[in-house]
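Visitor:
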Amino acid sequence: MKRDEIELLLREAGKLARETEFFMIGSQAAHAYSENPPAEVLLSQECDIYPKNRPETALFLDVKLGPKSPFATDKGYYADVVTPDLATLPAAWESRVKPLPLGLVTALCLDINDLLVSKLTAGRLKDMEFAAALLHLGFAEEAALIERIELLDSESDRTQVQGHLQIVMNDLRAANKARGRQ
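Printed below as a string of structure tokens:
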């Protein structure tokens, strides 16, 4: 999604929910860190949000702006209205969100390192590719991710995410080495 699409989506969400702040916990949070986010962000048709102060409006927002809504049919993108416990995030993530003012509404975007830890926890191919793209482009660094992984509550989550990060870093190093030969 482009930034103007996110702004329109959040403006509509703000009107419907009578809310001015939304947590943005998915890949669209990268918009808070760059005017030109990578293609992996722009190609996505969904924006993972939930209302900060009025969580009771989540179901209503899903009906009006979700994947099966008239909004989605008309615009070609939609809100994936989530709950705070959907993502596995490092401790104190709320203190590190980055505000992205979008007109009358503000997206409270995950810190880029917290976002990548969440993506690495999910471990789906698209999440690993997203993490690799952001690391390759310098949005995040391995050392910072290792520090954030240590803030996960569960030892099994920490072990799993460290393994996923190692896979991504090995692939990036191999790709860089191959490029050096060309």
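If you count the sequence shown from 1, position 149 lands on 222 in the working numbering, and the numbers rise without skipping. Cβ coordinates follow ideal geometry from the N, Cα and C atoms, glycine included. Note that the coordinates shown come from a computational prediction; the quantities given were computed from them, not determined experimentally.
When you compare the region 198–210 with the region 162–171, are there three or more beta-carbon pairs, one atom per stretch, that lie closer than 8 Å?
Guide: They do not touch, by the three-pair rule.
Visitor: Please identify the residue among Gly87, Arg91 and Leu82 whose C-alpha is closest to the C-alpha of Gln101.
Guide: Considering only alpha carbons, the answer is Leu82.
Visitor: Does the region 120–127 come close enough to the region 83–95 that 3 or more CB-CB pairs lie under 8 Å?
Guide: In short, these stretches touch, since the Cβ pair count reaches three.
Visitor: Could you say which of Met74, Lys75 and Arg84 lies nearest to Leu177 if we only look at CA atoms?
Guide: When each option's Cα is compared against that of Leu177, the closest is Arg84.
Visitor: Measuring alpha carbon to alpha carbon, tell me which of Leu207, Ala247 and His104 ends up nearest Leu322.
Guide: The chain is shown only over 74 to 255; residue 322 falls outside these bounds and no answer can be derived.
Visitor: Under a Cβ-count criterion, where at least 16 other Cβ atoms within 10 Å of its own Cβ denotes burial, should Gly99 be classed as buried or exposed?
Guide: With 16 or more other Cβ atoms within 10 Å, it is buried.
Visitor: Within the continuous alpha helix (DSSP H) that includes Lys16, where are the two ends?
Guide: The question about residue 16 has no answer, for the chain in this structure spans 74 to 255.
Visitor: Which residues does DSSP list as the beta-bridge partners of Pro110?
Guide: The partner list for Pro110 (beta bridge, DSSP) is empty, contrary to what the question assumes.
Visitor: By the DSSP assignment, the beta strand (DSSP E) with Met97 in it spans what residues?
Guide: Residues Glu94 to Met97.
Visitor: Comparing alpha-carbon positions, which option in Leu159, Lys171, Leu116 and Ala251 lies nearest Tyr151?
Guide: That would be Leu116, whose Cα lies nearest to the Cα of Tyr151.
Visitor: Is there at least one Cβ from chain D nearer than 7 Å to Leu218's Cβ?
Guide: This model lacks chain D altogether; it includes just one protein chain.
Visitor: Around the C-beta of Leu132, are 16 or more other C-beta atoms found within 10 angstroms, so that it is buried, or is it exposed?
Guide: Its Cβ having fewer than 16 others within 10 Å, Leu132 is exposed.
Visitor: Determine whether the beta carbon atoms of Val241 and Ala206 lie at a separation below 7 Å.
Guide: Their beta carbons are not under 7 Å apart, which means Val241 does not touch Ala206 by this criterion.
Visitor: With DSSP run on the structure shown, which of helix, strand or coil describes Asp158?
Guide: Coil.
Visitor: What number of angstroms, rounded off, separates the C-alpha of Lys250 from the C-alpha of Asp153?
Guide: Rounded to the nearest angstrom, the two C-alpha atoms are 38 Å apart.
Visitor: Give every residue of the same chain whose Cβ lies closer than 7 Å to the Cβ of Lys192, excluding the five residues on either side of it in the sequence, and list them in chain order.
Guide: Result list for Lys192: Asp200, Phe203 and Ala204, in chain order.
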